[in-house]
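Peer 1: Dumping the structure here so I can ask a few things about it.
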Amino acid sequence: MKNTKALKVRVRDKHAPLLRQMARSVNRVWNYANELSQRSIRERGVFLSAFDLDRHTQGAGKLLGLHSQTLQEVSREYATRRMQFRKHRLNWRKSGGVRRSLGWIPFKAGAASWKHGQIYHNGQHFQVWDSYGLGQYRFRSGSFNEDARGRWYFNVVVEVEVTPSPGQDAIGIDLGLKVVATCSDGTRLENSRFYRELEPKLAVAQRAGKKARVRAIHAKIANRRKDALHQFSRALVERCGLIVVGDVCSTKLAKTTMAKSVLDAGWGQLKTMLAYKCAHAGIVFKEVNEAYTTQTCSCCGAISRNSPKGRAGLGIREWTCCACGVRHDRDINAARNILAAGHGRPAGGIPVL
Numbered sequence: 008m009k010n011t012k013a014l015k016v017r018v019r020d021k022h023a024p025l026l027r028q029m030a031r032s033v034n035r036v037w038n039y040a041n042e043l044s045q046r047s048i049r050e051r052g053v054f055l056s057a058f059d060l061d062r063h064t065q066g067a068g069k070l071l072g073l074h075s076q077t078l079q080e081v082s083r084e085y086a087t088r089r090m091q092f093r094k095h096r097l098n099w100r101k102s103g104g105v106r107r108s109l110g111w112i113p114f115k116a117g118a119a120s121w122k123h124g125q126i127y128h129n130g131q132h133f134q135v136w137d138s139y140g141l142g143q144y145r146f147r148s149g150s151f152n153e154d155a156r157g158r159w160y161f162n163v164v165v166e167v168e169v170t171p172s173p174g175q176d177a178i179g180i181d182l183g184l185k186v187v188a189t190c191s192d193g194t195r196l197e198n199s200r201f202y203r204e205l206e207p208k209l210a211v212a213q214r215a216g217k218k219a220r221v222r223a224i225h226a227k228i229a230n231r232r233k234d235a236l237h238q239f240s241r242a243l244v245e246r247c248g249l250i251v252v253g254d255v256c257s258t259k260l261a262k263t264t265m266a267k268s269v270l271d272a273g274w275g276q277l278k279t280m281l282a283y284k285c286a287h288a289g290i291v292f293k294e295v296n297e298a299y300t301t302q303t304c305s306c307c308g309a310i311s312r313n314s315p316k317g318r319a320g321l322g323i324r325e326w327t328c329c330a331c332g333v334r335h336d337r338d339i340n341a342a343r344n345i346l347a348a349g350h351g352r353p354a355g356g357i358p359v360l
């Protein structure tokens, strides 16, 4: 059985000028499609599809220095995002200035290949740090992408063999701020390693106006977060057959006063990693409603009067159930209730027949 997987490798810095030039051409195609679509809606009341946009950009690849399939992929992406956000016009892609758009060069399957130990695309060879052995894969769609520090990466979708996980454990995960993830068996992922250690250095660089240093520190924070989440999710996938996570929404909480801590925790990234890693390993992954999981006793199912409730109860980390007398750790108790919800345990007990 095969499944798709996205691979990411870094492109050598000597190819950056050529890639930036191609990215400027991509921005020009995007902005042309944006203007053309806006005029069509305003003058004729017609939304242009990706096929309609392809007819207007056909033959412009040689002039712009782009592969013909890159033009088609830009049109398809534009039509998809316009429908997703339900707008007559999307934001312009800027090639310069403070708020410039990061470089993006998409392509379809067949437009990039592996030749002579290099990536071959649009008549050019690009050297990369090959950490996956790209020669063994057949490339599908993908893109060249630039990060905030001006480094370029080659991202491509490939097919890989699914390796079933031998683990049979069942784990529930409660997501938090100080502790990013707490498992029902007591395993924890602390948040301090992501940001707090580098916060003083970041503040010094920001006050000194060293923009390059600020970007480097932010990249280091992101890499630390990603590495920790990868290690944590991989360890769970290797020993579990069922993983259940609460449906806490980070985008909503990011609009509150807790935005800094919520974004630093990386809940969405962790859930995404668990979802695709479980799919590759043949593991059941569920996201369940976590309402009242903190207040409910995981032993007897009762909501005790001294259980933590609302914002006033955020400081309560341990509590004792008045009904059964069991003492609970707040996060572990919530994780066990989330696991029970994943198993489908009745909320009010077994009904009388």
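Heads up: the sequence shown begins at 8 in the numbering used here, then just goes up one per residue. Glycine included, each C-beta is placed from N, C-alpha and C at the ideal position.
(1) Once DSSP output is grouped into helix, strand and coil, what is the label at Arg158?
(2) Under 8 Å: do the segment 135-147 and the segment 10-23 share three or more Cβ pairs, one atom per stretch?
(3) Starting from the Cα of Ile126, find the closest Cα among Ala215, Glu42, Gly110, Arg147 and give me that residue.
(4) Report the three-state DSSP secondary structure of Gln302 (helix, strand or coil).
(5) Let me check understanding here. Comparing Cα to Cα, which of Cys256, Ser120, Cys331, Asp181 lies closest to Arg145?
(6) Check each candidate in His335, Arg83, Trp99 and name the one with the smallest Cα separation from Arg35.
(7) Considering only their Cβ atoms, is the gap separating Ile345 from Val251 smaller than 7 Å?
(8) Quick one: using the 10 Å Cβ neighbour count with 16 as the cut-off for buried, is Phe292 buried or exposed?
(9) Contact between the segment 151-171 and the segment 230-243 is defined here as three or more beta-carbon pairs at a separation below 8 Å; is this criterion met?
(10) Should Tyr102 and Arg31 be called a contact, given that it needs their Cβ atoms to be closer than 7 Å?
(11) Could you tell me how far apart the beta carbons of Leu78 and Ala67 are, in whole angstroms, since I believe they sit closer than 8 Å?
(12) Thr301 to Ala235, Cα distance in whole Å?
(13) For Cys329 and Ser305, what's the separation of their Cα atoms in angstroms?
(14) Can the beta-carbon of Val165 be found closer than 7 Å to that of Lys284?
(15) In the segment 93-143, which residue ranges form an unbroken beta strand (DSSP E) of at least 3 residues, counting only runs that do not cross its ends?
(16) Thinking C-alpha only, which one of Lys227, His22, Ala40, Asp336 is nearest Asp181?
(17) Starting from the C-beta of Trp274, find all residues in its chain whose C-beta is less than 6 Å away, skip the five residues before and the five after it, and write them out in chain order.
(18) Return the bridge partner residues of Phe292 from the DSSP annotation.
(19) Within 10 Å of its beta-carbon, does Thr303 have 16 or more other beta-carbons around it, so buried, or fewer, so exposed?
(20) Look up Arg83 in the DSSP assignment and give the residues it is bridged to.
(21) Please report the distance separating the alpha-carbon of Gln143 from that of Gly124.
(22) Near Gly289, what residues of its chain come up, given a Cβ to Cβ distance below 7 Å and the 5 sequence neighbours on each side ignored?
(23) Name, in chain order, the residues that DSSP records as bridge partners for Val165.
(24) Between which residues of its own chain and Arg156 is the CB-CB distance below 7 Å, once the five residues before and five after are set aside?
(25) State the CB to CB distance for the pair Tyr85 and Leu97, rounded to an integer number of angstroms; the pair is presumed to be in contact (CB under 8 Å).
(26) Do Ala40 and Gln76 have their C-beta atoms closer together than 7 Å?
(27) Please determine, among Gly193, Leu25, Ile178, Glu206, the residue with the shortest C-alpha to C-alpha distance to His128.
(28) If I measure Cβ to Cβ from Arg27 and keep anything under 8 Å in the same chain, skipping five residues before and after, which residues do I get?
(29) Hey, could you find the ends of the alpha helix (DSSP H) Asn34 is sitting in?
(30) Just verifying my parser: in three-state terms, what is the DSSP assignment at Ala354?
(31) DSSP on Asn152, reduced to helix/strand/coil?
(32) DSSP three-state call for Arg343: helix, strand or coil?
(33) Distance check for Asn38 and Leu196, CA to CA, integer angstroms please.
(34) With a cut-off of 8 Å on the beta carbons, I'd call Ser268 and Leu184 a contact; round off their distance for me.
(35) Which of the three DSSP states is assigned to His335 in this structure?
(36) Return the chain-ordered ranges of every beta strand (DSSP E) run that is complete within the segment 231-285 and spans a minimum of 3 residues.
Peer 2: Reading off the structure:
(1) coil
(2) yes
(3) Arg147
(4) coil
(5) Ser120
(6) Trp99
(7) yes
(8) buried
(9) no
(10) Just to set this straight, residue 102 is Ser in the shown sequence, not Tyr. Yes, they are a contact pair.
(11) 6 Å
(12) 25 Å
(13) 13 Å
(14) no
(15) 111-114, 119-122, 125-128, 131-133
(16) Asp336
(17) Leu182, Ser257
(18) Ile250
(19) buried
(20) According to DSSP, which records beta bridges pairwise, Arg83 is partnered with nothing at all.
(21) 11 Å
(22) Val169, Pro171, Ser172
(23) Lys12
(24) Arg222, Ala223, Ala226
(25) 7 Å
(26) no
(27) Leu25
(28) Gly110, Glu153
(29) 23-51
(30) In this prediction, Ala354 has a pLDDT of 45, which is less than 50 and means its spatial position is unreliable; nothing more can be read from the coordinates.
(31) strand
(32) helix
(33) 43 Å
(34) 4 Å
(35) strand
(36) 247-253
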